[in-house]
Amino acid sequence: MNLIAIETSTENCSVALLHAGNITSRDKVAPQKHAELVLGFIDELLSEQGLKKTQVEGIVFGQGPGAFTGVRIAMSVVQGLALAWEVPVIAISTMHNMAHQIWHKAPVKQQKILVANDARMGEVYWAAFEVQNESLLRLTEDALHAPEAIKTEGFDVCAGSAFYSMVKLKGDADVFADSLPNAASLIQMTQGNFKTNAQHISAIKPAYIREKVVFN
Amino acid sequence: MKILGIESSCDETGIAIYDTKAGLIADQLYSQIELHAQYGGVVPELASRDHVRKIVPLIQQTCDEAGLTLKDLDAVAYTAGPGLVGALLVGACVGKSIAWALDKPAVEVHHMEGHLLAPLLEDDKPEFPFLCLLVSGGHTLLVDVQALGSYKILGDTLDDAAGEAFDKTAKLLGLPYPGGRYIAALAEQGDEKRFKFPRPMLNRPGLDFSFSGLKTATRMTWEKHIVTCSNDAEKNQLQADVAASFQAAVIETLAKKCLRAIEQTGHQQLVVSGGVSANTSLRETLAQMGEVHHFKSFFPSMKYCTDNGAMIAVAGAMRFQHKDIKPHNLIKAYPRWSLEQLS
Numbered sequence: 000m001n002l003i004a005i006e007t008s009t010e011n012c013s014v015a016l017l018h019a020g021n022i023t024s025r026d027k028v029a030p031q032k033h034a035e036l037v038l039g040f041i042d043e044l045l046s047e048q049g050l051k052k053t054q055v056e057g058i059v060f061g062q063g064p065g066a067f068t069g070v071r072i073a074m075s076v077v078q079g080l081a082l083a084w085e086v087p088v089i090a091i092s093t094m095h096n097m098a099h100q101i102w103h104k105a106p107v108k109q110q111k112i113l114v115a116n117d118a119r120m121g122e123v124y125w126a127a128f129e130v131q132n133e134s135l136l137r138l139t140e141d142a143l144h145a146p147e148a149i150k151t152e153g154f155d156v157c158a159g160s161a162f163y164s165m166v167k168l169k170g171d172a173d174v175f176a177d178s179l180p181n182a183a184s185l186i187q188m189t190q191g192n193f194k195t196n197a198q199h200i201s202a203i204k205p206a207y208i209r210e211k212v213v214f215n
Numbered sequence: 000m001k002i003l004g005i006e007s008s009c010d011e012t013g014i015a016i017y018d019t020k021a022g023l024i025a026d027q028l029y030s031q032i033e034l035h036a037q038y039g040g041v042v043p044e045l046a047s048r049d050h051v052r053k054i055v056p057l058i059q060q061t062c063d064e065a066g067l068t069l070k071d072l073d074a075v076a077y078t079a080g081p082g083l084v085g086a087l088l089v090g091a092c093v094g095k096s097i098a099w100a101l102d103k104p105a106v107e108v109h110h111m112e113g114h115l116l117a118p119l120l121e122d123d124k125p126e127f128p129f130l131c132l133l134v135s136g137g138h139t140l141l142v143d144v145q146a147l148g149s150y151k152i153l154g155d156t157l158d159d160a161a162g163e164a165f166d167k168t169a170k171l172l173g174l175p176y177p178g179g180r181y182i183a184a185l186a187e188q189g190d191e192k193r194f195k196f197p198r199p200m201l202n203r204p205g206l207d208f209s210f211s212g213l214k215t216a217t218r219m220t221w222e223k224h225i226v227t228c229s230n231d232a233e234k235n236q237l238q239a240d241v242a243a244s245f246q247a248a249v250i251e252t253l254a255k256k257c258l259r260a261i262e263q264t265g266h267q268q269l270v271v272s273g274g275v276s277a278n279t280s281l282r283e284t285l286a287q288m289g290e291v292h293h294f295k296s297f298f299p300s301m302k303y304c305t306d307n308g309a310m311i312a313v314a315g316a317m318r319f320q321h322k323d324i325k326p327h328n329l330i331k332a333y334p335r336w337s338l339e340q341l342s
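These protein sequence lines map, in sequence, to chains A and B. Residue 0 is where the first sequence starts when you use numbering that gives the first Met the number 0, and the numbers rise one by one after that. Residue 0 is where the second sequence starts when you use numbering that gives the first Met the number 0, and the numbers rise one by one after that.
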């Protein structure tokens, strides 16, 4: 199956391609350049693999939470591509993506993973995950809270920009504050079940999590 | 040639398909006015989110209306600026991605050029060259239009745009948002001679505008008289008289500057476009002035005065025919972009 993946909800502008079972990708930390880079990256990956645009069969993308503009760039690029190619889409949480990377890099039998990113305005986006029986399970939904509300006890790994200084660590977890979501993970996460889970683009929404955006 | 037009620069999501032979063949619009009304103005983040929510169904409806699929199109045009950057990016990302995915050219359209060319959607249309008054909530521009892409700004506002002055005055009078149309409706029941508001910048040479002094004069008059109203009838009459007097001042200012520009440039056609061009009194005043001073005024039909996808599709089609535009993969939005930078 030929899939493309796009993740632009953080400073990482990330695109990946699945073709003939191989994943190729482009990642570039380029704040505020995502819109300018994203289609060019896909162009490069397609031509490296000798694929035509019309051979793409589906799209996976990171739906947030993250920077609002970044979330919308992936979302609206995918809206355009999915409408034009008439292909189905899967949207995946940024938090889930980061947890998957932790697990994928060092697969262990059992592990609790806490993901938390700086959401600005003194808050963090976060979610908790657990590896059990060789699969990654979600313990909590993606949420937005003050850093003081995030309890780190009992976690084996903490990942995300909130762990630079916002969230205070209790316990002895391994910390990966520089962890960023990427598009290659999106493809790994959907492989094998894309067709079952994919939807028409009209059914897909971004996940901002922060709904209160007007302050009077 | 069939071209898809996408507009998302502010609080309207507009999608249309223009055929250079058959004219406008599909046109869909979603206005976010109700969403922003409770805040008394456009909230950029909410606007961007609503564009994302509405753009896919609107594109589908537009294609259905035209009986076409996206593959049948020859090019995609979208508003690339000026406007709210987050809102612009939605239309730019969707539009460019559709074009790129199908190897079609993508045309970046200047929002104000869209307004300027909107009267070309009408049967009775202007021909280059002409003078254009672009008058909306964000702009008050007098433009010398020699040809497509040849624009010289003769006059601009030094402070508030005319439409902004309408909306702020409406708010002062306790009218709903956006209040321009309510001022116009109320003015019909008012005495425009009751208050003699300033006609800003008319006593000075040049073609620039300024509406903040008029706004202040209106506020002071309203505050002075409202406290003397002893019943609702008096208050309602005051409200209508202030609205009528305010509107008369704006329209006289706009009209006299148009005439001054017509006399300076020698143009025989005046195109009036943008949200305020829906104002009936402005239309009548300019039409009558044209009869006396030998110029003809052109207005878009009411639904194309405010933001819409049709004007972007038309402007995109003209741009596409005017310049060789190749498919490429760079998505850009230009929140600040002068008409004079076009060519």
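Backbone N, C-alpha and C fix where the C-beta goes; we use that ideal spot for every residue, glycine too.
From the beta carbon of residue i, is the nearest beta carbon of chain A less than 7 Å away?
i, result
"Ala-100(B)", "yes"
"Asn-7(B)", "Residue identity differs from the one stated: residue 7(B) is Ser in this sequence, not Asn. So no, Ser-7(B) is outside the interface."
"Cys-228(B)", "no"
"Gly-85(B)", "yes"
"Ser-337(B)", "no"
"Leu-69(B)", "yes"
"Ser-96(B)", "yes"
"Cys-92(B)", "yes"
"Val-51(B)", "yes"
"Val-41(B)", "no"
"Glu-121(B)", "no"
"Val-108(B)", "no"
"Glu-44(B)", "yes"
"Val-55(B)", "yes"
Roughly how many angstroms separate the alpha carbons of residue i and residue j, rounded to a whole number?
i, j, result
"Asp-306(B)", "Ile-58(B)", "16 Å"
"Ser-135(B)", "Leu-168(A)", "54 Å"
"Gly-308(B)", "His-114(B)", "10 Å"
"Val-75(B)", "Lys-167(B)", "36 Å"
"Asp-26(B)", "Tyr-303(B)", "11 Å"
"Met-379(B)", "Leu-136(A)", "Lying before the first or after the last residue shown, residue 379(B) is absent from chain B, which here runs from 0 to 342."
"Ala-115(A)", "Ser-178(A)", "10 Å"
"Ala-160(B)", "Ile-324(B)", "33 Å"
"Ala-157(B)", "His-138(B)", "It should be noted that the sequence gives Leu, not Ala, for residue 157(B). Cα to Cα, Leu-157(B) sits roughly 10 Å from His-138(B)."
"Ala-36(B)", "Gly-82(B)", "19 Å"
"Glu-56(A)", "Glu-147(A)", "44 Å"
"Ala-4(A)", "Asp-26(A)", "12 Å"
"Gly-273(B)", "Leu-133(B)", "6 Å"
"Ala-183(B)", "Ala-164(B)", "13 Å"
"Phe-67(A)", "Pro-43(B)", "11 Å"
"Ile-32(B)", "Tyr-176(B)", "8 Å"
"Asp-141(A)", "Ile-208(A)", "7 Å"
"Val-144(B)", "Met-74(A)", "38 Å"
"Ala-65(B)", "Lys-223(B)", "55 Å"
"Leu-140(B)", "Ala-216(B)", "23 Å"
"Val-55(B)", "Asn-181(A)", "26 Å"
"Arg-218(B)", "Phe-196(B)", "11 Å"
"Gly-4(B)", "Leu-44(A)", "29 Å"
"Asp-63(B)", "Leu-258(B)", "44 Å"
Out of the options, which one is the CA nearest neighbour of residue i?
i, options, result
"Ala-172(A)", "Gln-187(A), Val-166(A), Asp-155(A)", "Asp-155(A)"
"Gly-170(A)", "Val-76(A), Ala-105(A), Ile-112(A), Leu-16(A)", "Ile-112(A)"
"Ser-164(A)", "Val-107(A), Arg-119(A), Thr-23(A), Leu-17(A)", "Arg-119(A)"
"Ala-126(A)", "Gln-187(A), Lys-104(A), Asn-132(A), Thr-151(A)", "Thr-151(A)"
"Ser-30(B)", "Ile-261(B), Leu-45(B), Ile-24(B), Leu-116(B)", "Leu-45(B)"
"Lys-124(B)", "Lys-322(B), Ala-91(B), Pro-177(B), Phe-298(B)", "Phe-298(B)"
"Ser-8(A)", "Leu-17(A), Arg-71(A), His-18(A)", "Arg-71(A)"
"Ser-300(B)", "Thr-279(B), Gln-320(B), Val-93(B)", "Thr-279(B)"
"Leu-17(A)", "Pro-30(A), Asn-1(A), Val-28(A), Lys-32(A)", "Asn-1(A)"
"Val-130(A)", "Asn-192(A), Ile-101(A), Gly-61(A)", "Ile-101(A)"
Got a sec: is the Cβ-Cβ distance from residue i to anything in chain B below 7 Å?
i, result
"Gln-109(A)", "no"
"Val-213(A)", "yes"
"Glu-35(A)", "yes"
"Leu-38(A)", "yes"
"His-42(A)", "Inspection of the sequence shows that residue 42(A) is occupied by Asp rather than by His. Yes, its Cβ sits closer than 7 Å to a Cβ of chain B."
Under 6 Å: does the beta carbon of residue i sit that close to some heavy atom of the ligand PLP?
i, result
"Ala-161(B)", "In the structure on display, the ligand PLP does not appear, and there are no ligands present to speak of."
TODO: Please name the residues in the stretch 7-32 of chain A whose beta-carbon is closer than 9 Å to at least one beta-carbon of chain B, in chain order.
DONE: none
TODO: Compile a chain-ordered list of the residues in the stretch 304-331 of chain B whose CB is closer than 8 Å to at least one CB of chain A.
DONE: Asn-328, Leu-329, Ile-330, Lys-331
- [ ] Check whether the stretch 100-112 of chain B touches the stretch 89-104 of chain A, taking contact to mean three or more Cβ pairs, one atom from each stretch, closer than 8 Å.
- [x] Segments in contact, no.
Open item on the list: Which residues of the stretch 167-186 of chain A have a Cβ closer than 7 Å to any Cβ of chain B? Give them in chain order.
Closed with: none
- [ ] May I ask you to verify whether the stretch 76-89 of chain B touches the stretch 192-207 of chain A, counting CB pairs closer than 8 Å and requiring at least 3?
- [x] no
TODO: Compile a chain-ordered list of the residues in the stretch 52-85 of chain A whose CB is closer than 7 Å to at least one CB of chain B.
DONE: Lys-52, Phe-67, Thr-68, Arg-71, Ile-72, Met-74, Ser-75, Val-76, Gln-78, Gly-79, Leu-80, Leu-82, Ala-83, Trp-84
- [ ] Would you list, in chain order, the members of the stretch 190-208 of chain A that have their beta-carbon closer than 8 Å to a beta-carbon of chain B?
- [x] Flagged, chain order: Ile-200, Ser-201, Lys-204, Pro-205, Tyr-207.
Open item on the list: Along the stretch 126-152 of chain A, where does the CB come closer than 9 Å to a CB of chain B? Name the residues.
Closed with: none
Task: Stretch-stretch touch, CB-based, cutoff 8 Å, three pairs: the stretch 97-109 of chain B with the stretch 316-336 of chain B - done: yes
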